[in-house]
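Visitor: Take a look at this one; I'll ask things after.
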Amino acid sequence: MPANSAPPLDRLSSLLDRFRVRAHLFHAGALCGVTHFDAQPGRAFMHVLRRGEMVLTHPPGSAAPRKVKVSEPTLLFYPRPLAHQFRNAPSEGADFVCATLDFEGGERHPLVVALPPVLVLPLRSVDGLEPTLALLFAETERLRCGQRLLADRLFEVLLLQLLRWLLDHPEQAGMPAGLIYGLANPKLARALTALHEAPGEAWSLQSMALVAGMSRSSFAAEFKQQLGRTPAEYLLQWRVSLARSMLLGGSSIKSAGEALGYASAASFSRAFTQASGQAPRAWLLQQRQG
Numbered sequence: 001m002p003a004n005s006a007p008p009l010d011r012l013s014s015l016l017d018r019f020r021v022r023a024h025l026f027h028a029g030a031l032c033g034v035t036h037f038d039a040q041p042g043r044a045f046m047h048v049l050r051r052g053e054m055v056l057t058h059p060p061g062s063a064a065p066r067k068v069k070v071s072e073p074t075l076l077f078y079p080r081p082l083a084h085q086f087r088n089a090p091s092e093g094a095d096f097v098c099a100t101l102d103f104e105g106g107e108r109h110p111l112v113v114a115l116p117p118v119l120v121l122p123l124r125s126v127d128g129l130e131p132t133l134a135l136l137f138a139e140t141e142r143l144r145c146g147q148r149l150l151a152d153r154l155f156e157v158l159l160l161q162l163l164r165w166l167l168d169h170p171e172q173a174g175m176p177a178g179l180i181y182g183l184a185n186p187k188l189a190r191a192l193t194a195l196h197e198a199p200g201e202a203w204s205l206q207s208m209a210l211v212a213g214m215s216r217s218s219f220a221a222e223f224k225q226q227l228g229r230t231p232a233e234y235l236l237q238w239r240v241s242l243a244r245s246m247l248l249g250g251s252s253i254k255s256a257g258e259a260l261g262y263a264s265a266a267s268f269s270r271a272f273t274q275a276s277g278q279a280p281r282a283w284l285l286q287q288r289q290g
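Numbering (the UniProt record's numbering), first residue to last: 1 to 290.
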């Protein structure tokens, strides 16, 4: 390998290992007339229009476009809860496969936060999906042993392939400033991946910039431009996102703080409160009561 070339970097595994996602197929076939999909806490949707035409509508005042006409095979992805309707959906000779997606951490999942409210992507524009879609459609055409389980896993593969494509084509997909743009930047991606893999390290601006192979000032400016926040702010949010999952999973405040690099439970509580607006114990009590 040339001296100036960087080793291959896996930008997604550390995120999806810590914040997993599960897909559940719930529809395969035609949709007729008006079909409404309710917004449910923590629930995402992925629809694949295989054939036909429809008009997609969203509630007034939502961040999504009010109306979108779809007239070719298209992938529709809702990373966060958002009510939507399919109007004049095709019947004869057209079909959908649809799945719900449950992200660990719900709307706080780092990738969920980084995505727009809806992605409407013609299948022809997203390279690499064809083999997975062919297998997915084949699995939904007739009942076979393990069909639903395999279809669920294929939707998870489809999501991973979509995320890969977004990292390579953030502008084409209309991504907002945030994590996707940061991971799309080769130098920032090295620092971000290191933060994701070792959140408990004693990170400083200098050590992050060193991993990125940049000066402190260049790294800080580029990070803020691409992600919309400072490196310290991102690290705080990442650690607190992990802490929430750890607390919900039964970790003590002390052990969560130690694992994430805080010298004491008090310093961890201060950081958690700064990011969440609530102390860890109060936040956890609210989650359990809700």
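Positions of the beta carbon are idealized from the N, C-alpha and C atoms, including for glycine.
#1: Apart from the five residues just before and just after S240, which ones in its own chain have a Cβ nearer than 8 Å to its Cβ?
#2: When DSSP labels each residue in this structure, what does Y262 get in the three-state scheme?
#3: Does any C-beta atom of chain D lie closer than 8 Å to the C-beta of V211?
#4: In its own chain, which residues sit with a C-beta less than 6 Å from the C-beta of residue 307, not counting the 5 before and 5 after it?
#5: Return the chain-ordered ranges of every alpha helix (DSSP H) run that is complete within the stretch 190 to 273 and spans a minimum of 4 residues.
#6: For E23, which residues does DSSP report across the bridge?
#7: Would you be able to state if there are at least three C-beta pairs under 8 Å between the stretch 145 to 153 and the stretch 185 to 196?
#8: Given 7 Å as the limit, tell me if V34 has its C-beta closer than that to any heavy atom belonging to the ligand MG.
#9: Which term fits H36, buried or exposed, when burial requires 16 or more other beta carbons within 10 angstroms of its beta carbon?
#10: Tell me the DSSP secondary structure of V48 in three-state form.
#11: Between which two residues does the alpha helix (DSSP H) carrying G182 extend?
#12: Verify whether the separation of the beta carbon atoms of A189 and L9 is less than 8 Å.
#13: Restricting to Cα atoms, I'd like to know which of S71, T193 and S62 is closest to P110.
#14: Would you mind stating whether S264 and A279 have Cβ atoms separated by less than 8 Å?
#15: Can you tell me the Cβ-Cβ gap for Q147 and E156, rounded? I've got them flagged as a contact below 8 Å.
#16: Please classify L285 as buried or exposed, where buried requires at least 16 neighbouring CB atoms within 10 angstroms.
#17: Assess, as a yes-or-no matter, whether the stretch 14 to 26 is touched by the stretch 71 to 85 under the definition of 3 or more beta carbon pairs within less than 8 Å.
#18: With DSSP collapsed to three states, give me the class of A275.
#19: Go ahead and pull the three-state DSSP assignment for A131.
#20: With C-beta atoms as the reference, is L179 less than 8 Å away from L235?
#21: Which residue from M208, R281, V55 and K254 puts its Cα closest to that of V120?
#22: If you measure between the beta carbons of residue 292 and M46, is that distance less than 8 Å?
#23: Classify G174 as helix, strand or coil using the three-state DSSP reduction.
#24: Provide the residue(s) that pair with K69 in DSSP beta bridges, ordered along the chain.
#25: Taking C-beta to C-beta, are L101 and V70 nearer than 8 Å?
#26: Whole angstroms are fine: how far does the CA of G42 sit from the CA of G93?
#27: Pick helix, strand or coil for V112, following the three-state DSSP scheme.
#28: When you compare only the Cα positions, how much space is there between Q287 and P117?
#29: Please state whether DSSP places R18 in a helix, a strand or coil.
#30: Between V21 and L159, which are expected to be in contact by the criterion C-beta below 8 Å, what is the C-beta distance as a whole number of angstroms?
Guide: Considering the structure as presented:
#1: Position 240 of the sequence shown, counted from the start, is the residue given in the question as residue 240. The identity of residue 240 in the sequence shown is Val, whereas the question assumes Ser. Closer than 8 Å at the Cβ level, and outside the excluded window around V240, lie A271, F272, A275 and S276.
#2: Position 262 of the sequence shown, counting from 1, holds the residue named residue 262. The answer is coil: DSSP assigns Y262 none of H, G, I, E or B.
#3: As a matter of chain content, chain D is missing from the structure shown, which is built from one protein chain.
#4: This structure does not reach residue 307, given that the chain is present from 1 up to 290, and the question cannot be answered.
#5: 205 to 212, 216 to 227, 231 to 248 and 253 to 259
#6: As a position in the sequence shown, residue 23 is number 23, starting the count at 1. Reading the sequence as shown, one finds Ala at residue 23 and not Glu. In DSSP, A23 forms a bridge with L101.
#7: no
#8: Here there are no bound small molecules, and the ligand MG is not part of this structure.
#9: On the sequence shown, position 36 is the one that residue 36 refers to. Result: exposed.
#10: Counted from its first residue, the sequence shown places residue 48 at position 48. Reduced to three states, the DSSP call for V48 is strand.
#11: The sequence position of residue 182 within the sequence shown is 182, counting from 1. From DSSP, the alpha helix (DSSP H) with G182 extends over L179 to A184.
#12: By one-based count along the sequence shown, residue 189 stands at place 189. By one-based count along the sequence shown, residue 9 stands at place 9. In this structure, L9 lies closer than 8 Å to A189 by Cβ.
#13: Your numbering for residue 110 matches position 110 in the sequence shown. That would be T193, whose Cα lies nearest to the Cα of P110.
#14: In the sequence shown, residue 264 corresponds to position 264, counting from 1. In the sequence shown, residue 279 corresponds to position 279, counting from 1. No, they are not a contact pair.
#15: Translated into positions along the sequence shown, residue 147 becomes position 147. Translated into positions along the sequence shown, residue 156 becomes position 156. Going by Cβ atoms, the distance from Q147 to E156 rounds to 15 Å, so no, they are not a contact pair.
#16: If you number the sequence shown from 1, residue 285 lands on position 285. The residue is exposed, with fewer than 16 neighbouring Cβ atoms inside 10 Å.
#17: no
#18: One-based indexing of the sequence shown puts residue 275 at position 275. A275 falls in the helix class under three-state DSSP.
#19: Taking the sequence shown and counting its residues from 1, one reaches residue 131 at position 131. Just to set this straight, residue 131 is Pro in the shown sequence, not Ala. It is helical.
#20: Residue 179 sits at position 179 when you count from the first residue of the sequence shown. Residue 235 sits at position 235 when you count from the first residue of the sequence shown. In this structure, L235 does not lie closer than 8 Å to L179 by Cβ.
#21: As a working mapping, residue 120 is identified with position 120 in the sequence shown. Of the listed residues, the one whose Cα sits closest to V120 is V55.
#22: Outside the displayed span of the chain (1 to 290) sits residue 292, for which this structure offers no information.
#23: Residue 174 sits at position 174 when you count from the first residue of the sequence shown. Note: G174 maps to coil in three-state DSSP.
#24: Within the sequence shown, the letter at position 69 stands for residue 69. DSSP lists V55 as partners of K69.
#25: Along the sequence shown, one-based indexing puts residue 101 at 101. Along the sequence shown, one-based indexing puts residue 70 at 70. No, the pair does not count as a contact, with Cβ atoms beyond the cut-off.
#26: Counting from one through the sequence shown, the residue named residue 93 turns up at place 93. Counting from one through the sequence shown, the residue named residue 42 turns up at place 42. Low per-residue confidence applies at G93: pLDDT is 49, beneath 50, and the placement is therefore not dependable, though the value from the model is reported in the following sentence. Each residue's Cα considered, the two are about 33 Å apart.
#27: For the purposes of this step, residue 112 is identified with residue 112 of the sequence shown, where counting begins at 1. It is helical.
#28: Working through the sequence shown from its first residue, we reach residue 287 at position 287. Working through the sequence shown from its first residue, we reach residue 117 at position 117. Each residue's Cα considered, the two are about 24 Å apart.
#29: Taking the sequence shown and counting its residues from 1, one reaches residue 18 at position 18. In the structure shown, R18 sits in a helix (DSSP, three-state: H, G or I).
#30: Residue mapping note: residue 21 aligns to position 21 of the sequence shown, counting from 1. Residue mapping note: residue 159 aligns to position 159 of the sequence shown, counting from 1. 6 Å between Cβ atoms; contact.
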